[in-house]
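J.: Quick note on this note's numbering: the sequence shown kicks off at 2 and runs consecutively. Note that the Cβ used here is the ideal one computed from N, Cα and C, for glycine as well. No experiment lies behind these values; they were computed from the predicted model shown.
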Amino acid sequence: MKFILGRKIGMTRVFDEDGRSIAVTKIAALACVVSQTKTKDKDGYKAVQIKALKEGNDKAAKVTEFHVDAPGRYKVGQNITLSQFKKDELVSVQGKSKGKGFSGTVKRHDFARGPETHGSNNVREPGSIGGGYPQRVVLGRKMPGHMGNETVTVKNLKVIDVDKDFLLIAGAIPGPVKSIVKVFGTGEVAEEEIDTAAQEELAAMEKMAQEDVESEDKETQSE
2 MKFILGRKIG
12 MTRVFDEDGR
22 SIAVTKIAAL
32 ACVVSQTKTK
42 DKDGYKAVQI
52 KALKEGNDKA
62 AKVTEFHVDA
72 PGRYKVGQNI
82 TLSQFKKDEL
92 VSVQGKSKGK
102 GFSGTVKRHD
112 FARGPETHGS
122 NNVREPGSIG
132 GGYPQRVVLG
142 RKMPGHMGNE
152 TVTVKNLKVI
162 DVDKDFLLIA
172 GAIPGPVKSI
182 VKVFGTGEVA
192 EEEIDTAAQE
202 ELAAMEKMAQ
212 EDVESEDKET
222 QSE
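1. Could you give the C-beta distance for residue 52 and residue 34, rounded to a whole number, given that I count them as a contact under 8 angstroms?
2. Does residue 110 come within less than 7 angstroms of chain B when only Cβ atoms are used?
3. Just reading off the beta strand (DSSP E) that residue 162 is part of, what are its end residues?
4. With a threshold of 8 angstroms, are at least 3 pairs of Cβ atoms found where one atom belongs to the segment 123–136 and the other to the segment 165–183?
5. With DSSP as the reference, label residue 206 as helix, strand or coil.
6. Output needed for residue 123: all residues of its chain with C-beta closer than 7 angstroms, excluding positions within five of it in sequence on either side, in chain order.
7. So, helix, strand or coil for residue 109, using DSSP?
8. Report the start-end ranges of each beta strand (DSSP E) in the segment 169–193 that is 3 residues or longer and not cut off at the edges.
9. Reducing DSSP to helix, strand and coil, say where residue 12 ends up.
10. Can you check whether the CB of residue 94 is closer than 7 angstroms to the CB of residue 155?
11. Grab me the residues of residue 107's own chain with a C-beta within less than 7 angstroms of its C-beta, minus the 5 sequence neighbours each way, in chain order.
12. Using the C-alpha atoms, what's the distance from residue 31 back to residue 167?
Structure, rendered in structure tokens:
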């Protein structure tokens, strides 16, 4: 399994070989080393613990684990680099979503507003939460509270380009700029997008051109 820790730099645009503009997110790879391996016999599960070192400092900026099938392939102190990732393969990115502070139910859970006229005082309030039955607030009730700052995983993002220290990934990833994200491979390669409408139009144009050539040949033979 391929994995690394990176820092979100921001978004930009690149052009592919066909001249199409693609929105990409730039991720800077952190200096990651294996700090510990977890085995089924010793820890009850298989994983590799890595730490991202701060520049010029032995103190780790981030310590995290990745579940792998064969932790024995990794040695403590081994460097994890971007060389394992290839262009056009699919990866998943995990990070913390942007925190939005304390939010009401309209913004946090997309509740509908109450009436704003005819004497109503209940415009953005959530309404009843307990009721006569079951005479308690049910667990998981959608209520106002802290919005965002949650772990979010975006799967099957295409790797557009791999540089020495940077990774360009198609689309957006969770988290604010400068946040640390986990990037891990899915073992799949992105399939080429096929524009069926364009193919049908091209086939129709070729058929019309062929019919024109045949009609011209018939006119020439008749003359």
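T.: Quick answer:
1. For the purposes of this step, residue 52 is identified with residue 51 of the sequence shown, where counting begins at 1. For the purposes of this step, residue 34 is identified with residue 33 of the sequence shown, where counting begins at 1. Contact flag correct, Cβ pair sits at about 6 angstroms.
2. As a matter of chain content, chain B is missing from the structure shown, which is built from one protein chain.
3. Taking the sequence shown and counting its residues from 1, one reaches residue 162 at position 161. Residue 162 -> beta strand (DSSP E) spans 152–163.
4. no
5. Counted from its first residue, the sequence shown places residue 206 at position 205. It is helical.
6. As a working mapping, residue 123 is identified with position 122 in the sequence shown. 115, listed in sequence order.
7. Taking the sequence shown and counting its residues from 1, the one referred to as residue 109 is at position 108. In the three-state scheme derived from DSSP, where H, G and I count as helix and E and B as strand, residue 109 is classed as helix.
8. Secondary structure in the segment 169–193: the beta strand (DSSP E) runs of 3 residues or longer, each lying completely within the stretch, are 181–190 in chain order.
9. Against the sequence shown, residue 12 aligns to sequence position 11. Note: residue 12 maps to strand in three-state DSSP.
10. Residue 155 sits at position 154 when you count from the first residue of the sequence shown. Residue 94 sits at position 93 when you count from the first residue of the sequence shown. Cβ distance < 7 angstroms, so residue 155 and residue 94 count as in contact.
11. The residue you call residue 107 lines up with position 106 of the sequence shown. Cβ neighbours of residue 107 beyond the five flanking positions: 114 and 125.
12. As a working note, residue 167 is residue 166 in the sequence shown. As a working note, residue 31 is residue 30 in the sequence shown. Residue 167 and residue 31 have their C-alpha atoms some 9 angstroms from each other.
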